[in-house]
Amino acid sequence: MIGKTALLDAIAGTNRGLLASEKQKQAILAAIATLEDLNPTPLPVEASSLLDGNWRLIYTTSKALLNLDRLPFFKLGQIYQYIRVENTSVYNIAEVYGLPYLEGLVSVAAKFEPLSGRRVQVKFNRSIIGWQRLLGYNSPENFIQEIEAGSKFTAIDTAINSDRQQGWLDITYLDNDLRIGRGNEGSLFVLSKV
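In this text, residue positions in the sequence shown follow this note's numbering: the first is 35, and each later residue adds one.
Right, here's the structure in full:
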């Protein structure tokens with residue numbers, strides 16, 4: 035699909051948005067708008083088989099995520115989002131790299147509730163921040179299995195009041211391997227299936 039190729043070409047080299055110039059950001063926004071008009075899945079929230087799975091963030095305008103790269107001595111690594119439609123769970127994992135043996139991890143677990151064919155309400159319920167070594171982290175899949183098993187971690191592992199920490203997300207494009215979302219704070223998210 036030409037629109038998809040244009041978006042992926044526009045995103046290339048921006049390091050998920052960290053290195054995007056204003057000109058690149060405008061080109062990306064235009065490519066996203068074009069692709070949203072071509073969305074092959076008009077009711078993405080109801081397309082469980084497409085929505086469910088493991089996703090990697092390839093572009094965002096979210097200041098909360100991009101600011102993780104501004105921590106002294108640290109650089110933002112990969113960011114993953116795992117969606118489990120069956121139990122309405124979402125797991126966000128951001129890998130942070132810096133000094134040897136001090137690789138970090140920032141993770142948030144949430145529940146989602148469909149509000150329409152395009153919109154989900156997201157209620158955050160757990161935050162885990164720590165060193166990858168102390169967490170025994172070796173992959174997002176294993177880490178999520180530990181979370182789902184109810185494990186407590188040697189980390190800042192706290193419950194979040196979901197009444198205060200919630201938002202919504204519109205899924206504006208979804209196909210077999212690409213998803214675009216727009217959040218309640220105006221942030222854009224482009225993810226590819228892994």
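We put the beta carbon where it would ideally sit given N, CA and C, even for glycine.
Handout entry: Contacting residues, own chain, Cβ-Cβ under 7 Å from Ala193 (five flanking each side not counted)
Key = Here the set comprises Asn159, Arg160.
Handout entry: Any non-hydrogen atom of the ligand HEM closer than 7 Å to Leu168 Cβ
Key = The ligand HEM is not among the ligands present in this structure, which contains no ligands whatsoever.
Handout entry: Contacts around Thr188, its chain only, beta-carbon distance under 8 Å, and the 5 residues preceding and following it disregarded
Key = In chain order, Gly164, Leu168, Leu169 place their CB closer than 8 Å to the CB of Thr188, counting only its own chain and leaving out the 5 sequence neighbours on each side.
Handout entry: For Tyr114, the residue or residues it bridges with in DSSP
Key = Looking at the DSSP output, Tyr114 bridges to Arg90, Ile127.
Exercise for the section: Say whether the segment 69-78 touches the segment 201-208, bearing in mind that this needs 3 or more beta-carbon pairs closer than 8 Å, one atom from each stretch. Expected result: Taking a contact to require three or more Cβ pairs closer than 8 Å, the segment 69-78 and the segment 201-208 qualify as touching.
Problem - Segment contact, 8 Å Cβ cut-off, at least three pairs: the segment 98-111 with the segment 130-140 - result: Segment contact: the segment 98-111 against the segment 130-140, three or more CB-CB distances shorter than 8 Å; contact assigned.
Handout entry: Bridge-paired residues (DSSP) for Ile214
Key = DSSP, once it has assigned bridges, lists Tyr207, Val224 as partnering Ile214.
Handout entry: Of the residues Ala46, Ala44, Leu85, the one placed nearest Ser123, counting alpha carbons only
Key = Checking every option, the nearest Cα to that of Ser123 belongs to Leu85.
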